[in-house]
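Below is one structure, written out as structure tokens; the observations come after it.
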Amino acid sequence: GAGVSQSPSNKVTEKGKDVELRCDPISGHTALYWYRQRLGQGLEFLIYFQGNSAPDKSGLPSDRFSAERTGESVSTLTIQRTQQEDSAVYLCASSFRTSGLDTQYFGPGTRLTVL
Amino acid sequence: GIQVEQSPPDLILQEGANSTLRCNFSDSVNNLQWFHQNPWGQLINLFYIPSGTKQNGRLSATTVATERYSLLYISSSQTTDSGVYFCAVVSGGGADGLTFGKGTHLIIQP
Numbered sequence: 001g002a003g004v005s006q007s008p009s010n011k012v013t014e015k016g017k018d019v020e021l022r023c024d025p026i027s028g029h030t031a032l033y034w035y036r037q038r039l040g041q042g043l044e045f046l047i048y049f050q051g052n053s054a055p056d057k058s059g060l061p062s063d064r065f066s067a068e069r070t071g072e073s074v075s076t077l078t079i080q081r082t083q084q085e086d087s088a089v090y091l092c093a094s095s096f097r098t099s100g101l102d103t104q105y106f107g108p109g110t111r112l113t114v115l
Numbered sequence: 116g117i118q119v120e121q122s123p124p125d126l127i128l129q130e131g132a133n134s135t136l137r138c139n140f141s142d143s144v145n146n147l148q149w150f151h152q153n154p155w156g157q158l159i160n161l162f163y164i165p166s167g168t169k170q171n172g173r174l175s176a177t178t179v180a181t182e183r184y185s186l187l188y189i190s191s192s193q194t195t196d197s198g199v200y201f202c203a204v205v206s207g208g209g210a211d212g213l214t215f216g217k218g219t220h221l222i223i224q225p
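Going line by line, the protein sequences match chains A and B.
Residue numbering for the first sequence follows the working numbering, beginning at 1 and increasing consecutively.
Residue numbering for the second sequence follows the working numbering, beginning at 116 and increasing consecutively.
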């Protein structure tokens, strides 16, 4: 189909609640990436999927963050017991080839606000 | 990990002017991309350019991998070019996620 899609576009939650963010990559793209952008800052890499395995989880900020992917399709990023510092825009990207050797295309992001 | 530095951090120009944005990186790269983040936060792909030169309309980019820098040229600027321009790389021996610079905030005044 079209580009990378993400849902919800906005999420407001209370501190301590769990949230799930969803990413639908471009059809046929093998690799999927999650990034975070805090207000006024650059983008931080969180996690990378090759198919449904995650060889690189180095960027996950804490054990409250986890992600999974179904085959070469949808991915969900889960944040447990949210904290105010988790407020950010969470961006998903996908690429046709793995190993960082291809253009990464980004979705519109999910804006998470933790009150 | 790899370091990415962009300059200048801020740039204000009049419509019609030309500009050059620079990206320096500290190690060899497998991937280098330039993005434009519009006021709504969407990251728009401009170039995938780990080496060489590419052109797309008023925009062009050059990466000199051996000297570890890339340049983005914008000619005949328009107000719609305003926003933040990010350079991002995947290092040759590191993780597969992109490492982003802090961006250049460009404002084009009418």
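Glycine included, C-beta positions come from ideal geometry on N, C-alpha and C.
None of the values given here were measured: they were computed from a predicted structure.
Residue i, DSSP secondary structure in three states
i      : result
A180/B : helix
T78/A  : strand
L86/A  : According to the sequence shown, residue 86/A is Asp rather than Leu. D86/A: helix per DSSP, three-state reduction.
S98/A  : Strictly speaking, residue 98/A in this sequence is Thr, with Ser absent from that position. Three-state DSSP puts T98/A in coil, outside helix and strand.
T30/A  : coil
T13/A  : strand
D196/B : helix
Q148/B : strand
A2/A   : coil
R22/A  : strand
T135/B : strand
Q108/A : The sequence shown places Pro at residue 108/A, not Gln. Note: P108/A maps to coil in three-state DSSP.
K57/A  : coil
T103/A : coil
D142/B : coil
Closer than 7 Å: residue i CB and nearest the ligand SAH heavy atom
i     : result
S73/A : By its list of ligands, the structure shown contains no ligand whatsoever, and the ligand SAH lies outside what it can speak to.
Residue i burial status per 10 Å Cβ neighbour count (16 or more: buried)
i      : result
D63/A  : exposed
P154/B : exposed
A31/A  : buried
P225/B : exposed
R69/A  : buried
D10/A  : Contrary to the premise, residue 10/A reads as Asn rather than Asp in this sequence. Exposed: under 16 other Cβ atoms inside 10 Å.
Alpha-carbon spacing of residue i relative to residue j, whole angstroms
i      : j      : result
K217/B : S7/A   : 26 Å
G51/A  : G109/A : 21 Å
I164/B : G198/B : 21 Å
R183/B : G207/B : 12 Å
G3/A   : P123/B : 31 Å
Contacts that residue i makes with chain E (C-beta to C-beta distance below 8 Å)
i    : result
Q6/A : Protein chains in the displayed structure are A and B, and chain E is not among them.
So does the stretch 32-42 of chain A actually touch the stretch 84-97 of chain A, counting three or more Cβ pairs closer than 8 Å?
By the criterion of at least three beta-carbon pairs nearer than 8 Å, the stretch 32-42 of chain A is in contact with the stretch 84-97 of chain A.
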